[in-house]
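J.: Take this structure first; my questions come after.
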Amino acid sequence: MKLKLSEDSSTIKLLLFFILVAYLFSLSMRYFWVAEFQGMPQFQWNNELMINTNDGYFFAEGARDIVAGHHQPNDLSPVNEPLSLLTAWLSQILPVSFETLILYMPSFFGALIVVPIILIGHAFGQARMGFVAALIAGVAHSYYNRTMTGYYDTDMLNIVLPLFGVYFIILAILHQRNRFLIPITLSFALYYWWYPSSYAINTAVLGTLLIYTALFDRTNRHLYKIALFVVIGILSLPVLAKIALALAVFAFFHYRPQLDQKWFWPLFGAVAALYFATGGIDPIWAQLQGYLLRESVSGDAAGLYFYNVAQTVREAGHIPFSVFAERISGHTLIFLLSTVGYILALIAYRPLLITLPLVGLGFIAMSAGLRFTIYAVAPMALGFSYLMFLITQPIGKRWLRAIALIVFTGSALYPNYLHIREYMTPTVFTAQEVTSLAKLGELSNEEDYVISWWDYGYPIRYYSDVKTLVDGGKHSGDVNYPASYVLTQPQQNAAFMARLAVEYTEKGYETNNSAVIAEMLKAYQADTMDDLMTALQLDPESLPKATRDVYLYLPFRMMEIIPTVTLFSYLDLKNPDNKLQQPFFYITGAIQDTGKTVELGNGLSILKEKSILKLGNQEVPIKHFYQVGYDQAQKLQINEQQFASEGLNVIILGSYGRLLVVDDFYLNSAYIQMFVFERFDPALFEPVLLDPMSKIYRLKV
Ligand code: MN
1240 MKLKLSEDSS
1250 TIKLLLFFIL
1260 VAYLFSLSMR
1270 YFWVAEFQGM
1280 PQFQWNNELM
1290 INTNDGYFFA
1300 EGARDIVAGH
1310 HQPNDLSPVN
1320 EPLSLLTAWL
1330 SQILPVSFET
1340 LILYMPSFFG
1350 ALIVVPIILI
1360 GHAFGQARMG
1370 FVAALIAGVA
1380 HSYYNRTMTG
1390 YYDTDMLNIV
1400 LPLFGVYFII
1410 LAILHQRNRF
1420 LIPITLSFAL
1430 YYWWYPSSYA
1440 INTAVLGTLL
1450 IYTALFDRTN
1460 RHLYKIALFV
1470 VIGILSLPVL
1480 AKIALALAVF
1490 AFFHYRPQLD
1500 QKWFWPLFGA
1510 VAALYFATGG
1520 IDPIWAQLQG
1530 YLLRESVSGD
1540 AAGLYFYNVA
1550 QTVREAGHIP
1560 FSVFAERISG
1570 HTLIFLLSTV
1580 GYILALIAYR
1590 PLLITLPLVG
1600 LGFIAMSAGL
1610 RFTIYAVAPM
1620 ALGFSYLMFL
1630 ITQPIGKRWL
1640 RAIALIVFTG
1650 SALYPNYLHI
1660 REYMTPTVFT
1670 AQEVTSLAKL
1680 GELSNEEDYV
1690 ISWWDYGYPI
1700 RYYSDVKTLV
1710 DGGKHSGDVN
1720 YPASYVLTQP
1730 QQNAAFMARL
1740 AVEYTEKGYE
1750 TNNSAVIAEM
1760 LKAYQADTMD
1770 DLMTALQLDP
1780 ESLPKATRDV
1790 YLYLPFRMME
1800 IIPTVTLFSY
1810 LDLKNPDNKL
1820 QQPFFYITGA
1830 IQDTGKTVEL
1840 GNGLSILKEK
1850 SILKLGNQEV
1860 PIKHFYQVGY
1870 DQAQKLQINE
1880 QQFASEGLNV
1890 IILGSYGRLL
1900 VVDDFYLNSA
1910 YIQMFVFERF
1920 DPALFEPVLL
1930 DPMSKIYRLK
1940 V
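Last residue of the sequence shown: 1940 in the working numbering, with the numbers rising by one and none dropped.
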C-alpha cells in the first residue's frame, strides 16, 4: 500500500464531494418524517413540530435555563450537560427558534457520521469504499432511529465522536507521525465529556490497540505513543486538563526527541498510574453489573425494600436475530454479507481491527438490549462496501462495474429506506396536552411541584417550568414510591403523601438525605405506611407546613400503565418476599357485542342478562357499572348503576373508546376518581385544568 502524507487538491476535492453528497443524502432521508407530520397541528407547538424523544426534554430544559441565565436550586435542570450547553450556544448564534433548533439538531449532527467513515475509507486509499459505507451507515435502521429529526438526545454525536477517534488512531498507525496524536486525545476527551458512559467503549478501544501492538508490532515505540494519547483522552479528568497534559507530553516528544528514549516508559507508567488512580476499570465493572444483574427489589440503608424500575424497561430484553440484523444493516442478508465483508476487510486492512470494540458492543445487543446495535452500524457498512468492491473487481468494463456497484448499493439502501418511510414515531406529547402544561406553567411558580408518573417528568418541567419528584433519570424504586402512592391511593392518603413527599424531598436536598420514605416513617414513628396515614388522620396538624403549591398532573395516557405505576407502592416495604396479590385492572379498546355477551378479549366477557363478568371459567358479579363520556357541550356525563354489593366494576369510557374492569382498589384511587369521574374532595384538592386528555388539580393541604 502506498501512502502519501499530503493530499493533492483533486483528492481533497473528491473527498469533499463524497462528504457533501453523503451528508445531503443522510439529511434528506431525515426529512420524510418532517414531511409526513408537517401538516398535522396536533404534533406542533410554537409553530414547529415537537420532538419525539422523552429524554430530549431533559436537555431542552437545561438549554432553556442556560439561555434564561437562571434556574431554581434542586430543580434538576441539567445546565452543565454538554448537549444543553451546545444547544444554548447554538440558539444564541443561529437565527432559528429554540423549537426548530432542537428539532433539527439530531439530523444535522447525526448525519455527520458520513465524515469519519469516508475518511477511514480514504485512510486505506479507498475513498469510494468509504463513500458507499457512509451512504449506508447514515440511514441504517437503528442509527436512523436514534438520529432522526426530533430525536433530540446525545445519540446525535455518540457514534460520530468515537469514529473520529478510531479514524485518527488508524491514521497514526498507518503513517506513524506525531501529528495525529493530539487529534486522538481530542476525540476521546470530547467523546468522554459528551457521553460519560463511553468510558467502557473507550477503554475497550485502548485494550484493542494494546493487543494489536502486542500481536503485530510490539517493538514499535510509536504504537505505544498512540496508546498513551488514547489513555490521556479517556482519563477521568476535566477536558481542559487532559488537553493540557496531551500538549505537554506532545511538546516533550517533539522538542526533546533525544530524551524520548530514556523517559518514554516512566512517562507511560505515570499516565497509566493516573488512569488507575482516577477510576481504572472499576466503573466498567459497575456498569456491567448494572446490565447483567437486575434485581427486582432493592433495599436501602433503613432496611426498606422498593420495586426496581429496571425490570419494567422494555429495551433491556433479549431480541431475536432477525431484528438484531435488521437494526444494524437493514436486512438479514445485507447483515450477513456485511459480516463476511468486515472479516475480509480486517484481513486486508489490519488497522481496521481498532473498530472491533464498536462491533463487539453492537453485538452485545443480542443479550443486553437493542439500544447497542448502533455501534456496529458503521463497521458493518464498511464491511459490506468492501465486499462489494472486491466482488465487482473482476468486471473489466468500467460502466458495467459502475452499474453493478449502484445495484448493490441500492439493494443495501432500499430496506433502510423502506424502514424510514414507515417509521413515523409520533411526538412525545400532543399539542392538546402541551397546551394544558403551558397553562399550568403560567398559573404556577417555578418552585412549585407537579406530581405525576416519571414518564412525564421531563416534558412537564420543560413546558411548565416547575419541579417534579421523578423523571426519566430519577425513577428508582424509592423515589417512585411516593409518586405511585399519590396516584393510586384514595384521595385522603394521596393528599397527605403529596405534601409529605414534596416537603421531605426539598428537606432532603438541604440535609443531603434522599431516603425520603425512611425519614417520613421515622418522623411519625410508624412501622408501615398505613400506620403513618392513621397517625396523620388522627392528627392532621402534624402534616408538614406547605412551603409551596403542589399539583397533580393526571393524563389520559397514564391509563394504560396504571398497573405498572401501582407496583411501586403496592408492596411490603419491610419484607421483599411478601409478594402481594396485585389489585385487578383490565383495559381494552376492542369490545364485541354478541347479543347475549359482550366480549372484552383475553377470556373476559360480560353476561348481559345476569350482569356478571366471566374471567375464563370464573364468574364474578358486576358491582358498579359506569358509563362516562362527554356530551355535545363537552360536559362530562356519568351514568352509574349498582348491581351487587361485591365484585368488580365496569367503566365504559365512551369518548376514549375504552372499557375498564377494575376492583375497588382502582375504583377508589385518586387517578380513577379524579381523572375519570372528576370527583374530588374539595377539602383536599381543587381542579385547575380539566381537559379531556389531562386533568390538573392543586393540593389544598
Ligand atoms: Mn426550573
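All residues carry an ideal CB built from backbone N, CA and C; glycine is no exception.
Can you name, in chain order, every residue of its own chain whose Cβ lies under 7 Å from the Cβ of Leu1819, other than the five neighbours on each side?
T.: Tyr1809, Leu1810, Asp1811
J.: Assuming Val1470 is part of the alpha helix (DSSP H), what are its boundary residues?
T.: Segment 1460–1473, the alpha helix (DSSP H) holding Val1470.
J.: Would DSSP call Met1932 helix, strand or coil?
T.: Secondary structure at Met1932: coil, using DSSP grouped into helix, strand and coil.
J.: Between Ile1352, Leu1358, Met1368, Phe1370, which has its C-alpha nearest Tyr1382's C-alpha?
T.: Proximity to Tyr1382 across Ile1352, Leu1358, Met1368, Phe1370 peaks at Ile1352, based on C-alpha coordinates.
J.: If you follow the alpha helix (DSSP H) that Tyr1406 is part of, which residue opens it and which one closes it?
T.: 1399–1414
J.: Under a Cβ-count criterion, where at least 16 other Cβ atoms within 10 Å of its own Cβ denotes burial, should Gly1349 be classed as buried or exposed?
T.: buried
J.: With DSSP collapsed to three states, give me the class of Phe1363.
T.: coil
J.: Taking all protein chains shown into account, decide if Gly1204 is buried (16 or more other Cβ within 10 angstroms of its Cβ) or exposed.
T.: As displayed, the chain neither begins before 1240 nor continues past 1940, which places residue 1204 out of reach and without an answer.
J.: Using a threshold of 8 Å, state whether the C-beta atoms of Gln1277 and Leu1288 are closer than that.
T.: yes
J.: Counting Cβ pairs, one atom from each stretch, are 3 or more of them under 8 Å apart for the segment 1635–1643 and the segment 1585–1593?
T.: With the cut-off at 8 Å, the segment 1635–1643 and the segment 1585–1593 do not touch.
J.: Does the Cβ of Glu1685 lie closer than 7 Å to at least one heavy atom of the ligand SAM?
T.: Absence of the ligand SAM is noted for the structure shown, with the ligand MN being the only ligands found.
J.: Taking the alpha helix (DSSP H) that Val1306 falls in, what are its first and last residues?
T.: Taken as a continuous stretch (DSSP letters only), the alpha helix (DSSP H) holding Val1306 covers 1295–1307.
J.: What are the partner residues of Ile1890, as DSSP defines its beta bridges?
T.: Tyr1865, Leu1899
J.: By how many angstroms is the C-alpha of Asn1291 removed from the C-alpha of Ala1737?
T.: 30 Å
J.: Between the Cα of Thr1786 and those of Leu1621, Leu1374, Leu1938, spot the shortest distance and give me the residue it belongs to.
T.: Leu1938
J.: When burial is assigned at 16 or more other CB atoms within 10 Å of the CB, is Thr1773 buried or exposed?
T.: exposed
J.: Tell me the DSSP bridge mates of Tyr1792?
T.: Ile1935
J.: Roughly how many angstroms separate the alpha carbons of Val1407 and Thr1250, rounded to a whole number?
T.: Note that residue 1407 corresponds to Phe in the displayed sequence, not to Val. Taking the straight line from one Cα to the other gives about 19 Å.
J.: Are the CB atoms of Ala1376 and Val1616 within a distance shorter than 8 Å?
T.: yes
J.: Mind checking Ala1428: buried by the 16 CB within 10 Å criterion, or exposed?
T.: buried
J.: My parser needs the alpha helix (DSSP H) runs of 4 or more residues fully inside the segment 1248–1279; what are they?
T.: Contiguous alpha helix (DSSP H) elements confined to the segment 1248–1279 occur at 1248–1268, 1271–1276, taking only those with 4 or more residues.
J.: Where does Glu1534 fall in DSSP's three states?
T.: Low confidence applies to Glu1534: its pLDDT is 47, below 50, so where it sits in the model is not reliable, and the reading given next is rough at best. Note: Glu1534 maps to coil in three-state DSSP.
J.: Is it right to say Leu1440 is buried, meaning 16 or more other beta carbons lie within 10 angstroms of its own, or is it exposed?
T.: Residue identity differs from the one stated: residue 1440 is Ile in this sequence, not Leu. Residue environment: Ile1440 is assigned as buried (16 or more neighbouring CB atoms within 10 Å of its CB, all protein chains considered).
J.: Report, in whole angstroms, the separation of the C-beta atoms of His1658 and His1380, which I expect to be a contact under 8 Å.
T.: 5 Å
J.: Report the residue ranges of all alpha helix (DSSP H) runs contained in full by the segment 1744–1781; include only those spanning at least 4 residues, in chain order.
T.: 1755–1762, 1768–1777
J.: At a cut-off of 7 Å, would you count His1461 as near the ligand MN, judging by its Cβ distance to the nearest heavy atom?
T.: no
J.: Where are the alpha helix (DSSP H) runs, 4 residues long or more, that stay fully inside the segment 1626–1685, in chain order?
T.: 1637–1661, 1670–1682
J.: When you measure from the CB of Ser1316 to every non-hydrogen atom of the ligand MN, does any distance come out below 7 Å?
T.: Under cutoff, so the answer is yes.
J.: Among Pro1618, Gln1365, Pro1860, whose alpha-carbon lies nearest the alpha-carbon of Gln1880?
T.: Pro1860
J.: For Asp1704, is the classification buried or exposed, using 16 other Cβ atoms within 10 angstroms of its Cβ as the cut-off for buried?
T.: Asp1704 should be labelled buried.
J.: On the three-pair Cβ rule with 8 Å, is the segment 1878–1894 touching the segment 1751–1766?
T.: no
J.: For the segment 1394–1403 and the segment 1362–1375, state whether three or more C-beta atom pairs, one from each stretch, are separated by less than 8 Å.
T.: Taking 8 Å as the limit for Cβ pairs, the verdict is that the segment 1362–1375 does not touch the segment 1394–1403.
J.: Tell me the rounded alpha-carbon separation between Asp1499 and Val1755.
T.: The straight-line gap from Cα to Cα measures roughly 57 Å.
J.: My assumption, with CB atoms under 8 Å, is that Met1181 sits in contact with Val1378. Please give the rounded CB distance.
T.: Limits of the chain in this structure are 1240 at one end and 1940 at the other, which puts residue 1181 out of reach.
J.: For Trp1328, count neighbouring C-beta atoms within 10 Å of its own C-beta (all shown protein chains included) and say buried if the count is 16 or more, exposed if not.
T.: Trp1328 counts as exposed, since fewer than 16 other beta carbons sit within 10 angstroms of its beta carbon.
J.: Quick one: what does DSSP say Asp1832 is sitting in, helix, strand or coil?
T.: Strand, per DSSP.
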